[in-house]
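Here is the structure we will look at, set down as structure tokens.
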Amino acid sequence: MGLFDLSASLAYLWDRGYKKARETLGTTEKGVLKSDPRNGGAFLGSFAMPHDPPEEIGRRGYGMVSGAVDVGLFRNAALEDVRKFKIKSDRRFG
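In this text, residue positions in the sequence shown follow numbering that gives the first Met the number 0: the first is 0, and each later residue adds one.
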């Protein structure tokens, strides 16, 4: 769960300045950090963003931070979908 998830749930999608989303995220982060993963607790993970760099996320206690590599994965998946579509279209109309 990250700031965008919370802002979307609160009907303020992509509004990283929305105070209630920031406050809720801070409360959630503190609660997760107090939990014990060995006893069913959770850990924090997020995507790095220009306004929330990996270093800052790490300082807040996140154990997993994903960044720009995800863009490449999404790109590759989209290109594969386009390739499959073209193959099917060629068979149908070729």
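Heads up, the beta-carbon is just placed ideally off N, CA and C, and yes, glycines get one too.
Predicted, not measured: the structure shown is a model, and the values here were computed from it.
Give the straight-line distance between the Cα atoms of Pro36 and Phe42, rounded to the nearest whole angstrom.
Going by C-alpha positions, Pro36 is about 7 Å away from Phe42.
Please classify Phe42: does DSSP put it in a helix, a strand, or coil?
Shown here, Phe42 sits in coil according to DSSP, grouped into three states, outside any helix or strand.
When the distance is taken between beta carbons, is Ala47 closer than 8 Å to Val97?
Since the first and last residues shown for the chain are 0 and 93, residue 97 lies out of range.
Per DSSP, what kind of secondary structure is Ser88 in: helix, strand or coil?
In the structure shown, the three-state DSSP call for Ser88 is helix.
In terms of residues, what are the limits of the beta strand (DSSP E) holding Ser34?
Run containing Ser34: none; DSSP gives neither H nor E here.
According to DSSP, Leu80 sits in a beta bridge with which residue or residues?
Correcting the residue identity first, residue 80 is Asp in this sequence and not Leu. Beta-bridge analysis with DSSP links Asp80 to no other residue.
My assumption, with CB atoms under 8 Å, is that Gly62 sits in contact with Gly44. Please give the rounded CB distance.
Beta-carbon to beta-carbon, Gly62 and Gly44 are separated by about 7 Å, close enough to satisfy the 8 Å threshold.
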